[in-house]
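In full-length UniProt numbering, the protein residues as written are 1 to 525.
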Ligand SMILES: Cc1cc2nc3c(=O)[nH]c(=O)nc-3n(C[C@H](O)[C@H](O)[C@H](O)COP(=O)(O)OP(=O)(O)OC[C@H]3O[C@@H](n4cnc5c(N)ncnc54)[C@H](O)[C@@H]3O)c2cc1C
């Protein structure tokens, strides 16, 4: 496990930090640039409330990533309290249930990026987890297909995949005829293809339900729905706070370090007039997807001077379901060669591709449609009303699709669902690749900290609780989710509980999350 941590840390050095707002305003000077959201949690609406309860880990957000993290924490430390709060009445109501459900092999992203490392590791963990927990999945395989000019790109992709080490996705270059032997519906203009055999599909709902069950089965961990986090403050350790166990369990940790997190629980969970609670969490995981900048922005005034608000951009992906001719024989996922801008890793989308669900139904998408926040500092869920797929995009989609599946008919396409990607950079910058971002904040000495801290600020004096914020967890976030859970758990072991763990390793071997990954997966990431 140690090797795992070291490799991940090394890779952080080369990560690109999102542009500060000043650069963003230059970009938005262009006509088509979408407007970002710069909002915060509604802190000013809620007076500070001293904590009534204390927990070891508080995960905010019940999407697949928050669930994978909470599950990893509760398996690893069954004796510690791990709570997950989700604002909706049920888990997985946002991006985690509005995606393609593809288990990506990890073909496209730069070698040293989190996206590659967590995807290739997460892919193998996912197959293993699905088998062990009866989560429906299928290793369908995938073909990336292109016309005359695509050979160089596909060879480069093949070479890139082969360079990725132990968990390299196996790939093979095929001629157009070889590709048509596998997928007879492909058109005659397809001259080259790349076959990826370890790509698959998974039922994201069953996966999330399984993770939720695991969390709830542990007596010290719980998923709490209809509960919205509305305010976060660093806890001042000298504050008077009852330590009696009747006020909640905090394992063996009585340090009083951490974050005071206020929540509102109501029927819709959406920060209406509900019951307000306050708890002290030693570790907070901010895994709030499309809202992940809000908590950080609400702490800005307490951070070092000049820190700029974290901007979130929203890129909608529309799906179209399809019934009709031209896809009868399709068995694999089909992706056209991506729309490239500059280098091999700065694609803006993977093109309008064909995916299958576990019942064999065909859908196309997602496409890319940038949304603008109507007001930069409020209307945080403005995107909710855009969740319907757009009918007017069908013709454009159809044009894209018929480049590789010429017999698909426009009349067979119907608008289906849509999902929104949480983007940290707008389109059209110097480069359009942005890695997953993991930001680390300590509850002590916030004044000395910056927003974009990719490393735990261990140089700062004293203890303090830890907050890890996950930003820009777009695709391949579903595939990577179990590996993200594992990695975040390792960071917490190192930065928060490390010493305690090494002195008192848990006796219940079966509770160790390290076992999920199966042989070899831990050599990676
Ligand atoms: C169109 C599209 C297609 C995709 N296709 C794939 C794919 O095929 N394969 C793949 O690997 N990945 C894919 N992804 C990416 C994947 O879906 C995401 O990376 C993943 O679902 C992110 O999970 P999450 O838990 O971070 O976020 P979410 O699912 O958005 O969960 C965040 C949760 O936080 C909750 N929350 C927010 N604020 C608060 C608050 N204040 N208090 C309490 N709760 C709060 C929200 O209600 C939400 O449930 C796709 C994404 C999109 C948009």
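We put the CB at the ideal spot given by N, CA and C, even for glycine. All figures in this text were calculated on a predicted structure; none of them were measured in a lab.
- A distance below 6 Å between beta-carbons, with the five flanking residues on each side excluded, links residue 321 to the following residues of its chain, in chain order: 363, 414, 416.
- Boundaries of the beta strand (DSSP E) around residue 261: 259-265.
- In this structure, residue 232 sits near residue 295, with a CB-CB distance shorter than 7 Å.
- With a cut-off of 6 Å, the C-beta of residue 99 is classified as near ligand 1, since at least one heavy atom of the ligand falls inside that distance.
- If you keep only unbroken alpha helix (DSSP H) runs of at least 4 residues inside the region 275-322, you get 292-298.
- The straight-line gap separating the alpha-carbon atoms of residue 121 and residue 112 is approximately 13 Å.
- In the DSSP assignment, residue 232 is bridged to 261.
- Following the DSSP letters along the chain, one finds residue 205 inside the alpha helix (DSSP H) bounded by residues 204-217.
- Separation of the CB atoms of residue 467 and residue 259 is rounded to 6 Å, and the pair is thereby assigned contact status at 8 Å.
- Checking the DSSP bridge columns, you'll see residue 497 has no partner listed.
- DSSP places residue 57 inside the beta strand (DSSP E), whose first and last residues are 53-60.
- In the DSSP assignment, no residue is bridged to residue 401.
- The C-alpha of residue 444 is placed about 43 Å away from the C-alpha of residue 169.
- Look at residue 60: its beta carbon is less than 6 Å from one of the heavy atoms in ligand 1.
- One Cα belongs to residue 457, the other to residue 448, and the distance between them is close to 9 Å.
- Around the beta carbon of residue 50, fewer than 16 other beta carbons sit within 10 angstroms, so the residue counts as exposed.
- Every alpha helix (DSSP H) of 4 residues or more that sits fully in the region 388-475 is shown, in chain order, as 394-401.
- Distances from the CB of residue 421 to the heavy atoms of ligand 1 include at least one below 6 Å.
- In this structure, ligand 1 has no non-hydrogen atom nearer than 6 Å to the beta-carbon of residue 267.
- Distances from the alpha-carbon of residue 481 to those of 34, 65, 188, 281 put 65 closest.
- A check of alpha carbon separations from residue 164 across 116, 206, 374, 277 identifies 116 as the nearest.
- In the structure shown, the three-state DSSP call for residue 107 is coil.
- Nearest Cα to residue 394 within the set 103, 406, 412: 412.
- In terms of Cα proximity to residue 53, the closest of 118, 90, 479, 277 is 277.
- Here residue 155 carries a helix assignment [DSSP, helix/strand/coil].
- Secondary structure note for residue 116: it is in no beta strand (DSSP E), and the uninterrupted alpha helix (DSSP H) holding it is 114-133.
- Between residue 406 and residue 187, the gap from beta carbon to beta carbon is short of 7 Å.
- DSSP places residue 355 inside the beta strand (DSSP E), whose first and last residues are 354-356.
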